[in-house]
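In full-length UniProt numbering, the protein residues as written are 1 to 186.
Note that beta-carbon positions come from the ideal geometry of N, C-alpha and C, so glycine has one too.
Since the structure is predicted, the reported quantities are computational estimates derived from the model, not experimental observations.
One structure is given below, encoded as structure tokens.
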């Protein structure tokens, strides 16, 4: 459960990027059918810089021509992309699951390409894209935590589950007790 709570922001960013790509061709941010940010709404938002980065992520889906199968496998890998610094109780099981999804992504890529060089280049591109989600997630973790703190001052209530994740798990991420797992050196 903790892994889901640690990785929720990255998963949300990635899924929103995919929705923006598939529904509005990455021109806008498609948070939900009734919440679409165009350039004007992004600029008015207090999270404009994060919106720009999320839109760029969405554009990468188009530039790289990400397939639905690649997206789903990459989304699963994002779930296994952040862990406590001290490791997990079932670290071996976690590592095995993560490795299985890495192999599955490699298999999906190989099915589409005959040339081994293009397969390795594609794997590099997709893993770089996965790595690019982590800094955006960190910025949004800070933004949501700051917003939660401010909301307590003005007596605004968050849904219980969100408040718990933001108040308990996000500080662990921001303090460095939980770290993302990158494919490439940062």
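Closest by C-alpha distance to residue i, when choosing among the options
i: residue 87; options: 3, 149, 60 and 153; result: 3
i: residue 79; options: 134, 58, 61 and 120; result: 134
i: residue 163; options: 175, 177 and 147; result: 147
i: residue 99; options: 113, 76, 165 and 120; result: 76
i: residue 33; options: 43, 39 and 22; result: 22
i: residue 73; options: 129, 117 and 48; result: 129
i: residue 124; options: 64, 48, 92 and 176; result: 64
Distance CB(residue i)-CB(residue j) smaller than 9 Å
i: residue 105; j: residue 60; result: no
i: residue 7; j: residue 62; result: no
i: residue 122; j: residue 109; result: yes
i: residue 84; j: residue 150; result: no
i: residue 30; j: residue 16; result: yes
i: residue 20; j: residue 58; result: yes
i: residue 249; j: residue 131; result: Since the first residue shown for the chain is 1 and the last is 186, residue 249 is missing from the structure and cannot be characterised.
i: residue 180; j: residue 82; result: yes
i: residue 50; j: residue 139; result: yes
i: residue 39; j: residue 54; result: no
i: residue 144; j: residue 170; result: yes
Exposure of residue i, with buried meaning 16 or more beta-carbon neighbours within 10 Å
i: residue 37; result: buried
i: residue 14; result: buried
i: residue 111; result: exposed
i: residue 137; result: buried
i: residue 168; result: exposed
i: residue 126; result: buried
i: residue 141; result: buried
Residues that DSSP places opposite residue i in a beta bridge
i: residue 35; result: 32
i: residue 178; result: 84
Extent of the continuous beta strand (DSSP E) run through residue i
i: residue 83; result: 82-84
For residue i, the first and last residue of its enclosing alpha helix (DSSP H)
i: residue 52; result: 48-63
i: residue 6; result: 2-24
i: residue 115; result: Counting along the chain, residue 115 falls outside any alpha helix (DSSP H), and DSSP gives it neither H nor E.
i: residue 76; result: 68-79
i: residue 163; result: 160-164
heavy atom of the ligand FMN below 8 Å from residue i C-beta
i: residue 44; result: What this structure holds is no ligand at all, so the ligand FMN is not there to describe.
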